[in-house]
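Inspection log for the structure reproduced underneath, given as structure tokens.
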Amino acid sequence: MEFIDYYNILGVDKKATDEDIKKAYRKLARKLHPDINPNDKEAHQKFQQINEANEVLSDPEKRKKYDRYGKDWQHAEQFEKQQPSQGQSTFTGGHRSSRNTEGDFSDFFESMFGGQGRSRQTKFRGQDYQTTLTINLTDAMETHQQTLAVNGKNIRITIPAGIENGQVIKLKGYGAPGINGGPAGDLYISFSITNHPRFKRSGNDLYTTAVIDLYTALLGGETTIDTLKGKVKLKVNPETQMGTKIRLKGKGFPVYKKEGETGDLYVTYEIQLPTKLTEQQKALFTELSKLK
Amino acid sequence: MTTEDMIPVDDFCLHHHIEFSFIRSLRESGLVEFTGAEEKLCVPESQLPHLEKLVRMYYEMDINLEGIETITHLLQRMNDMHQQIVLLKNRLRLYENE
Numbered sequence: 069m070e071f072i073d074y075y076n077i078l079g080v081d082k083k084a085t086d087e088d089i090k091k092a093y094r095k096l097a098r099k100l101h102p103d104i105n106p107n108d109k110e111a112h113q114k115f116q117q118i119n120e121a122n123e124v125l126s127d128p129e130k131r132k133k134y135d136r137y138g139k140d141w142q143h144a145e146q147f148e149k150q151q152p153s154q155g156q157s158t159f160t161g162g163h164r165s166s167r168n169t170e171g172d173f174s175d176f177f178e179s180m181f182g183g184q185g186r187s188r189q190t191k192f193r194g195q196d197y198q199t200t201l202t203i204n205l206t207d208a209m210e211t212h213q214q215t216l217a218v219n220g221k222n223i224r225i226t227i228p229a230g231i232e233n234g235q236v237i238k239l240k241g242y243g244a245p246g247i248n249g250g251p252a253g254d255l256y257i258s259f260s261i262t263n264h265p266r267f268k269r270s271g272n273d274l275y276t277t278a279v280i281d282l283y284t285a286l287l288g289g290e291t292t293i294d295t296l297k298g299k300v301k302l303k304v305n306p307e308t309q310m311g312t313k314i315r316l317k318g319k320g321f322p323v324y325k326k327e328g329e330t331g332d333l334y335v336t337y338e339i340q341l342p343t344k345l346t347e348q349q350k351a352l353f354t355e356l357s358k359l360k
Numbered sequence: 258m259t260t261e262d263m264i265p266v267d268d269f270c271l272h273h274h275i276e277f278s279f280i281r282s283l284r285e286s287g288l289v290e291f292t293g294a295e296e297k298l299c300v301p302e303s304q305l306p307h308l309e310k311l312v313r314m315y316y317e318m319d320i321n322l323e324g325i326e327t328i329t330h331l332l333q334r335m336n337d338m339h340q341q342i343v344l345l346k347n348r349l350r351l352y353e354n355e
């Protein structure tokens, strides 16, 4: 069980008036409230603490109890005798626990006031959960379903085609349950899309390279390239230069949540020079070089 | 065409124990989109989380309307910048591992 100094948390002294406590709480809430600090776990945790401190110190009854037993561990035993139903372990440890109190009230609050702490009037939204889902580029191209486990619960989600790396999807109500009947938090899924060895993505466009031989580059012809949706035959213009870039309209990535809209595929040509030339080839190339 | 549930503002005020004048101020500032005439004012269901957030700022955090407007704009800018960071990170990936 962890002892928490509520006065310290709110930055007020023990003689603070109700008004001082209210002011201190509001000042800290303006800084740490989850509404002002979206996606900031640390701020959320600190807010839980100041909220808990405010709940106790703004209630005269609870504050009186806290003031009496709060820091004085020697009175704990006496307190335990008066409250046998709360279990012997209430104050026995005395050491600081490393338990994560995120999304919940501290054990200290529970043991001091039992269930009373939860019966307060204010309803609080449950903590938001965050998770990361890694998918590959090919999967991100198609709308598909995946199951992910969050806090022991399996959730089946539909991932729309065209999802971006780093994009976050919110699933309303899949976070931690609310406090005092408040609504559940939300689940935020952040997508991480792994790099593809042959295709790079920029927005809805894809980039790749295609290797053509010297003769096709010089004289023109046809070549077949891979796209993420199968093979495509391309006409190569005569005298195609190294690094020539062509655009294949509509062969890129699907646009997120816009059915039928697709980006483009950009293909950069790389020209492969022949090796292990025969004597005859060498002679012909020599002849060619004399013509330039 | 999609349809959306509308929540009567009177019900919202009753449920959250808030004054109607606060809603009127929010409407005037344009921070929340309401529909209907004043005596039958409604808020689209999709706007509820946003409206509840503004209520919390006003009643729990004691932030006045001017402060709420400023914070809302700053949070919006923060969100836009976050989106931009994601976009730039994705572009950077194009040049990494080359």
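Heads up: the protein sequence lines correspond to chains A and B, in order. All letters in the first sequence, in the order written, are residues 69 to 360 by our numbering. All letters in the second sequence, in the order written, are residues 258 to 355 by our numbering. Every residue, glycine too, gets a C-beta built ideally from N, C-alpha and C.
*DSSP beta-bridge partners of residue 335/A*: What you label residue 335/A is simply residue 267 of the first sequence in a count that begins at 1. Beta-bridge annotation (DSSP): residue 335/A is paired with 276/A, 314/A.
*Are the beta-carbon atoms belonging to residue 313/B and residue 103/A less than 8 Å from one another?*
To locate residue 313/B, count along the second sequence from 1; it is residue 56. To locate residue 103/A, count along the first sequence from 1; it is residue 35. In contact: residue 313/B and residue 103/A (Cβ atoms closer than 8 Å).
*Residues of the segment 95-119 of chain A with Cβ closer than 8 Å to any Cβ of chain B, in chain order*: 97, 98, 101, 103, 104, 106: these are the residues of the segment 95-119 of chain A whose beta carbon lies less than 8 Å from some beta carbon of chain B, given in chain order.
_Best match in 206/A, 270/A, 287/A, 192/A for proximity to residue 298/A [C-alpha to C-alpha]_ = Translated into the one-based positions of the first sequence, residue 298/A becomes position 230. Comparing Cα positions, the closest option is 206/A.
*Which residue comes first and which comes last in the alpha helix (DSSP H) that contains residue 255/A?*
Position 187 of the first sequence, counted from the start, is the residue given in the question as residue 255/A. For residue 255/A, no alpha helix (DSSP H) run applies; the uninterrupted beta strand (DSSP E) run containing it begins and ends at 255-262, by DSSP.
*If you draw a straight line from the alpha carbon of residue 333/A to that of residue 336/B, how long is it in whole angstroms?*
Numbered from 1 along the first sequence, position 265 holds the residue referred to as residue 333/A. Numbered from 1 along the second sequence, position 79 holds the residue referred to as residue 336/B. It is roughly 30 Å from the alpha-carbon of residue 333/A to the alpha-carbon of residue 336/B.
*Count the other CB atoms, across all protein chains shown, that sit within 10 Å of the CB of residue 121/A; report buried if there are 16 or more and exposed otherwise.*
Here the question's residue 121/A lines up with position 53 in the first sequence. Residue 121/A is buried by the Cβ-count criterion.
_Just to confirm my understanding: we take residue 152/A, look at its own chain, exclude 5 residues before and 5 after, and list those with CB closer than 8 Å. What are they?_
Against the first sequence, residue 152/A aligns to sequence position 84. Low confidence applies here, because residue 152/A scores a pLDDT of 46, under 50, leaving its location unreliable; read the following figure in that light. Contacts found: none.
*To which residues does DSSP link residue 302/A through a beta bridge?*
In the first sequence, residue 302/A corresponds to position 234, counting from 1. Answer is 291/A, bridged to residue 302/A.
*Are the Cβ atoms of residue 250/A and residue 321/A separated by less than 8 Å?*
For the purposes of this step, residue 250/A is taken as the residue at position 182 of the first sequence. For the purposes of this step, residue 321/A is taken as the residue at position 253 of the first sequence. Residue 250/A is not a Cβ neighbour of residue 321/A, given a cutoff of 8 Å.
_Cross-chain neighbours of residue 320/B in chain A, by beta carbon under 8 Å_ = Numbered from 1 along the second sequence, position 63 holds the residue referred to as residue 320/B. Using a Cβ-Cβ cut-off of 8 Å, residue 320/B is close to 98 of chain A, given in chain order.
*asked:* For residue 358/A and residue 337/A, what's the separation of their Cα atoms in angstroms?
replied: Stepping through the first sequence from its first residue, residue 358/A is reached at position 290. Stepping through the first sequence from its first residue, residue 337/A is reached at position 269. Approximately 27 Å, taken between the alpha carbons.
_Classification of residue 222/A by the beta-carbon crowding that lies within 10 angstroms, buried from 16 upward_ = Along the first sequence, read from residue 1 onward, the residue named residue 222/A stands at position 154. By the neighbour-count criterion, in which a residue is buried when 16 or more other Cβ atoms sit within 10 angstroms of its Cβ, residue 222/A is exposed.
*Cβ atoms of residue 327/A and residue 343/B: under 8 Å apart, would you say?*
Here residue 343/B corresponds to residue number 86 of the second sequence, with the count starting at 1. Here residue 327/A corresponds to residue number 259 of the first sequence, with the count starting at 1. No, Cβ-Cβ distance for residue 343/B and residue 327/A is not below 8 Å.
*What separation, rounded to the nearest whole angstrom, lies between the Cα atoms of residue 86/A and residue 101/A?*
Reading the first sequence from its first residue, position 18 is the one you call residue 86/A. Reading the first sequence from its first residue, position 33 is the one you call residue 101/A. Distance between the alpha carbons of residue 86/A and residue 101/A is about 21 Å.
*Compute the distance between the beta-carbons of residue 304/A and residue 289/A, then report whether it is under 8 Å.*
As a first step, residue 304/A must be located in the first sequence, where it is residue number 236. As a first step, residue 289/A must be located in the first sequence, where it is residue number 221. A contact, by the Cβ cut-off of 8 Å.
*For residue 82/A, which residues of its own chain have a beta-carbon under 8 Å away from its beta-carbon, when the five flanking residues on both sides are left out?*
As a first step, residue 82/A must be located in the first sequence, where it is residue number 14. Same-chain partners within the cutoff: 75, 135.
*Go through its chain and collect everything with a Cβ distance to residue 108/A's Cβ below 6 Å, but skip five positions before and after it.*
For the purposes of this step, residue 108/A is identified with residue 40 of the first sequence, where counting begins at 1. There are no such residues.
*residue 296/A to residue 246/A span [Cα, whole Å]*: Taking the first sequence and counting its residues from 1, the one referred to as residue 296/A is at position 228. Taking the first sequence and counting its residues from 1, the one referred to as residue 246/A is at position 178. If I take the Cα positions, the gap works out to 44 Å.
*Applying the criterion that 16 or more other CB atoms from any shown protein chain within 10 Å of the CB defines a buried residue, is residue 112/A buried or exposed?*
The residue labelled residue 112/A in the question sits at position 44 within the first sequence. Result: buried.
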